[in-house]
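Keeping their order, the protein sequence lines are chains S and V. Counting from 1, one number per residue, gives the positions in the first sequence under the working numbering. Counting from 1001, one number per residue, gives the positions in the second sequence under the working numbering. Heads up, the beta-carbon is just placed ideally off N, CA and C, and yes, glycines get one too. Predicted model, so just to flag it, every value in this text is computed and none were measured.
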Amino acid sequence: MGFVPTLLDGDMVLAESSAIILYLDDKYPQHPLLPHDLKKRAINYQAANIISSTIQPTLRIPILAYIRDNIGPDERITWVHKHIGKGFAALEILVKDHAGKYATGDDICLVDVLLAPQIIGTLERYNFDISNYPLLSRLSESYKQVPAIRNALPENQPDFPKELKGIILIRIY
Amino acid sequence: MTSKLQLYSFFMSSCSFRVRIALNLKGLDYEYKAINLFKNEQSHPEYLKMNPIGYVPALVDGDIVLADSFAIILYLEEKHPQHPLLPRDLAKKAINYQVANIVASSIQPLLALPVMNYIGENVGEDAKIQWVYKHAAKGFAAALEILLKDHAGKYATGDEIYLADLFLAPQIISLKERFNFDMSDYPLLSRLCEAYKQVPAIQKALPENQPDFPSTEGKI
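Structure, rendered in structure tokens:
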């Protein structure tokens, strides 16, 4: 099916990042990604889905290409800003009463795992200013300090082209 | 004394449909509170006061208010273990998450009202169906046919109804009925669709069986 990312674990082939993350959390209990408290867990699931179901789908290349070809190239930025903005506004409200050092407390949870990649290195691509979202801005700074997140950054992956380090790779074309 | 569950729902919303199936399977009684997405009732101050992010469906359980169908279903699953919606086997469970996510992230958001309205207004009414077929249905259906081939039994991931079915049933039924999507190229999905229509909990959750389904037949 050509999905990326895909996890291979023995015989098991699994795609969809949320599914992979939940599978890993079930199978490897160290550093749990979901709080025990039912309400806090629910906040994590909600926030994770705001990202994976309302923001992320609207940023897909085929969607942006469709908008470029059928409406106009400049319309893409408007579309992207609208959807990121709507999602971020919802996130600010949702986690407002629960945030600590990270989105739902002082431990990194599911929502942080999805939110960090949505913020770090992505927003510049769309010229999106996060400063209107104070909580998310603060979380962004916290995420940049986390070794597990830094190790996962695109520029620290084996397939990142060395000569492009420091250059913003992809803009909406 | 525990108060009754309340579900804020729109008859046509596939996300609401998912939660209705879950509630029915678990035998949970609830009060149906209609939110009309065509009339933008999810943006009304009274709704936003209760549910600040304004999403539909939303579940009210005492003083807990939850939105997002996946979050609601997992909350119900953890609180009411009867008729489990996730298999115990980790690999099977993970496939359920994958299917739910494919539906919730790759297809449903592209068929949602705001996007369809956007396409209609900016490209044209005729473009909507092409949009649905090209961007949503084809990839979704093809990917799921392949993925489920190794896992399906009577239902998507075996002989019991699980999370994957809760997400698939509303989507397949909606594609067929609302968008006239031709399922004949997708034999497994077609078979599942027929199986779903026989399930009482799913029948009871169908859009046409909801209190807010328009009583006169008319094009939506």
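Neighbours of N132(S) in chain V, taken as residues whose beta carbon is under 7 Å from its own, are absent, since the nearest beta carbon is some 17 Å off. L135(S) and Y66(S) have their C-alpha atoms some 33 Å from each other.
Neighbourhood of P1084(V) in chain S, by CB distance below 8 Å: empty, with the nearest CB roughly 14 Å away. Of all residues in the stretch 1056-1071 of chain V, only I1064, L1066, A1067, D1068, F1070, A1071 place a beta-carbon less than 7 Å from a beta-carbon of chain S. Pairing L123(S) with A47(S) gives a Cβ-Cβ distance that is not under 9 Å. Sequence-distant Cβ neighbours of R76(S) in its own chain, meaning closer than 8 Å and more than five residues away, are L64, I67, R68, I172. In the three-state reduction of the DSSP assignment, V113(S) falls in the helix class, which pools H, G and I.
Sequence-distant Cβ neighbours of I55(S) in its own chain, meaning closer than 7 Å and more than five residues away, are H83, I84, G87, Q118.
The Cβ-Cβ distance between N1024(V) and I1202(V) falls below 9 Å. Put simply, the CB of Y1097(V) is near chain S, with a gap under 9 Å to one of its CB atoms.
Chain-ordered listing is empty here: chain S has no CB closer than 8 Å to the CB of H1080(V), the nearest sitting near 12 Å.
Closest by C-alpha distance to H1135(V), out of A1169(V), V1103(V), A1067(V), E1160(V), is V1103(V).
S1013(V) sits away from P1052(V), with the two beta carbons spaced by 9 Å or more. Under the Cβ distance rule, R41(S) counts among the residues neighbouring chain V, one pair being separated by less than 9 Å. From the beta-carbon of L1110(V), the residues of chain S found nearer than 7 Å are P57. The shortest C-alpha to C-alpha distance from L1085(V) to any of S1043(V), D1061(V), A1164(V), V1132(V) is the one to A1164(V). Distance check between P1170(V) and each of N1180(V), Q1198(V), C1193(V) places C1193(V) closest, using alpha-carbon atoms only. Taking the beta carbon of L8(S) as reference, no residue of chain V falls within 9 Å; the closest one sits roughly 12 Å away. At a cut-off of 9 Å, the C-beta of A1022(V) has no neighbouring C-beta in chain S. According to the DSSP assignment, S17(S) belongs to the alpha helix (DSSP H) that extends over 17-27. Interface annotation, P158(S): not in contact with chain V, CB-CB separation never under 9 Å. Under DSSP, G105(S) forms a beta bridge with Y102(S). Per DSSP, reduced to three states, the secondary structure at G1158(V) is strand.
Under the three-state reduction of DSSP output, T122(S) falls in the coil class, being neither helix nor strand.
Annotation for Y1030(V): no alpha helix (DSSP H) segment contains it, though the beta strand (DSSP E) segment containing it runs 1030-1034. For S52(S), the closest Cβ of chain V is nearer than 9 Å. Secondary structure within the stretch 1070-1131 of chain V: the alpha helix (DSSP H) runs of 4 or more consecutive residues, fully enclosed, are 1090-1101, 1108-1111, 1113-1122, 1125-1131 (chain order). A check of alpha carbon separations from L1048(V) across Y1032(V), F1038(V), V1065(V) identifies V1065(V) as the nearest. Shown here, L1144(V) sits in a helix according to DSSP, grouped into three states. With contacts defined by Cβ atoms closer than 9 Å, Q1210(V) and A1034(V) form a contacting pair.
In this structure, D1150(V) is the residue among F1011(V), D1150(V), Q1006(V), A1137(V) with its C-alpha nearest to the C-alpha of M12(S). Y102(S) and G1062(V) have their alpha carbons spaced roughly 27 Å apart.
Between N70(S) and N1122(V), the C-beta spacing is below 9 Å. Here DSSP, grouped into helix, strand and coil, assigns I71(S) to coil. Within chain V, no residue has its CB atom less than 8 Å from the CB of L135(S), the nearest being about 14 Å off.
Taking the CA atoms as reference points, I130(S) sits about 11 Å from L139(S).
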